[in-house]
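The structure appears below as structure tokens.
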Amino acid sequence: MAQETQKIALVTGGSRGLGKDMAMSLSGKGISVLITYNSKKDEAEAVVAAAQANGVKAAALQFDAGKISGYDGFITSVKKTLHDVFGVERFDFLINNAGVALYSPFAETTEEQFDTIMDIHYKGVFFLTQKSLPILNDGGRIVNISSGLARFSQPGSSAYGSAKAAVESLTRYMAKELGERSISVNVVAPGPIATDFGGGRVRDNADINGHLSALTALGRVGRPDDIGGVVAFLCSDDAKWINAQRIEVAGGIFI
Ligand SMILES: NC(=O)c1ccc[n+]([C@@H]2O[C@H](COP(=O)([O-])OP(=O)(O)OC[C@H]3O[C@@H](n4cnc5c(N)ncnc54)[C@H](OP(=O)(O)O)[C@@H]3O)[C@@H](O)[C@H]2O)c1
75 MAQETQKIAL VTGGSRGLGK DMAMSLSGKG ISVLITYNSK KDEAEAVVAA
125 AQANGVKAAA LQFDAGKISG YDGFITSVKK TLHDVFGVER FDFLINNAGV
175 ALYSPFAETT EEQFDTIMDI HYKGVFFLTQ KSLPILNDGG RIVNISSGLA
225 RFSQPGSSAY GSAKAAVESL TRYMAKELGE RSISVNVVAP GPIATDFGGG
275 RVRDNADING HLSALTALGR VGRPDDIGGV VAFLCSDDAK WINAQRIEVA
325 GGIFI
């Protein structure tokens, strides 16, 4: 691939689930990918190999979204990897995807659980994006990953759903302030998807899967490949005029 036409996406949480499918969809469109993993290095390396098989450059870095004090060191590693592996100093698309689940009733949620969720899903997105700005190209794109649970409410998701709601508001503020650099910012809100998330409960618990399928107009829960292509589209030229939008990708749930 010619150096001057190379576009690079940084996908947090690209080792499994939705982030893996995003990396595959992006690389399938000729976009090079730098993915992160938290603990599953082998899975991340398999995604890197699969992306490279699509004919792009790819690499993986360890990143703990819940450790904000480590973000400066992570950005230093991103800069070195961009230089050493991709031969550039900046990237084009930031996909804020990494995350963990919390199912805990409002009355029982501890401050520690709350802080973990806020750090990973909200404070982390705020500061990783802020710290990425010097190495994000003008004209780039940011896609934040929210959840249907920011729009509708289900028992046990008060901390998680409200953190995702904060990211949706943050998306509009980012779009407002980064437009002067021609950077567009959108938020994708998946409905329930059959991944490892939350111990794989949407995929593996037949009662939960059936309940959520029945609530969905298209009659099933989502699959990772329902999401990755939408994120890749938002990074494509066809999506260049979409900005500050929330796109729910959920098969029509609670409509
Ligand atoms: N699945 C759903 O039903 C659903 C619905 C709506 C929104 N979402 C959102 O979609 C995103 C991806 O979810 P998923 O279903 O793909 O989950 P998943 O299959 O459990 O994968 C989670 C990914 O995030 C990484 N990760 C976990 N904890 C991390 C941490 N502390 N720091 C950095 N990275 C971490 C994991 O890395 P390792 O592989 O190294 O552990 C993995 O790559 C999340 O933001 C989630 O909130 C999911």
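Add 74 to the 1-based position in the sequence shown for this note's numbering, that's all there is to it.
Quick reminder that beta carbons are idealized off the backbone N, C-alpha and C, glycines included.
Exercise. What's the call for ALA324, buried or exposed, on a 16-neighbour Cβ count within 10 Å?
Worked result: buried
For this session: Classify ILE301 as helix, strand or coil using the three-state DSSP reduction.
Result: In the structure shown, ILE301 sits in coil (DSSP, three-state: anything other than H, G, I, E or B).
For this session: Please state if the CB of SER227 and the CB of LYS238 are separated by a distance shorter than 8 Å.
Result: no
For this session: Answer yes or no: the CB of GLN219 versus the heavy atoms of ligand 1, is any distance below 7 Å?
Result: Looking at the sequence provided, one finds Ile at residue 219 rather than Gln. At least one heavy atom of ligand 1 is nearer than 7 Å to the Cβ of ILE219, so yes.
Exercise. If you drop the 5 nearest sequence neighbours on each side, which residues of the same chain put their C-beta closer than 7 Å to that of THR150?
Worked result: none
Problem set entry | Buried versus exposed call for ARG255 [16 or more other C-beta atoms within 10 Å across all chains shown] | exposed
Exercise. Which full runs of the alpha helix (DSSP H) of 4+ residues lie inside the stretch 223 to 265, going along the chain?
Worked result: 232 to 252
For this session: Give the range of the alpha helix (DSSP H) segment to which ALA175 is assigned.
Result: Element bounds for ALA175: n/a, residue is neither H nor E.
Exercise. Near LEU252, what residues of its chain come up, given a Cβ to Cβ distance below 7 Å and the 5 sequence neighbours on each side ignored?
Worked result: Taken in chain order, the residues that qualify are VAL259.
For this session: Report all residues from its chain with a CB closer than 6 Å to the CB of ILE257; omit the five preceding and five following residues, and keep chain order.
Result: Excluding positions up to five away in sequence, the list reads GLY214.
Problem set entry | Stretch pair the stretch 77 to 92 + the stretch 100 to 118: three plus CB contacts closer than 8 Å | yes
Exercise. Going by Cα to Cα distance, which pick from THR269, TRP315, LYS197 is closest to ASP300?
Worked result: THR269
For this session: Report the rounded CA-to-CA distance for ALA291 versus GLY284, giving the unit in angstroms.
Result: 13 Å
Problem set entry | Beta-carbon contacts of TYR196 that lie in its chain and below 7 Å, excluding the five residues immediately before and after | Taken in chain order, the residues that qualify are ALA237, ALA240, VAL241.
For this session: Closer than 7 Å by C-beta to ALA326: which residues in its own chain qualify, once you throw out the five before and the five after it? Chain order, please.
Result: Sequence inspection shows Gly at residue 326; the Ala mentioned does not correspond to that position. Around GLY326: THR290, ALA291, LEU292.
Problem set entry | Residue of ASP281, LYS250, GLY235 minimising C-alpha distance to ALA263 | GLY235
Exercise. Taking buried to mean at least 16 other C-beta atoms within 10 Å of its own C-beta, is GLU322 buried or exposed?
Worked result: Under this definition GLU322 is a buried residue.
Problem set entry | Three-state secondary structure (DSSP) of GLN187 | helix
For this session: With DSSP as the reference, please indicate the residues paired to ALA97 in a beta bridge.
Result: Per DSSP, none; premise fails for ALA97.
Exercise. For PHE137 versus ASN112, is the C-beta spacing smaller than 8 Å?
Worked result: The Cβ-Cβ distance between PHE137 and ASN112 falls below 8 Å.
Problem set entry | Spatially closest choice to GLY87 from ILE105, TYR145, ILE169, THR79, by CA coordinates | ILE169
Problem set entry | Proximity of LEU244 and VAL199 at Cβ, strictly below 8 Å | yes
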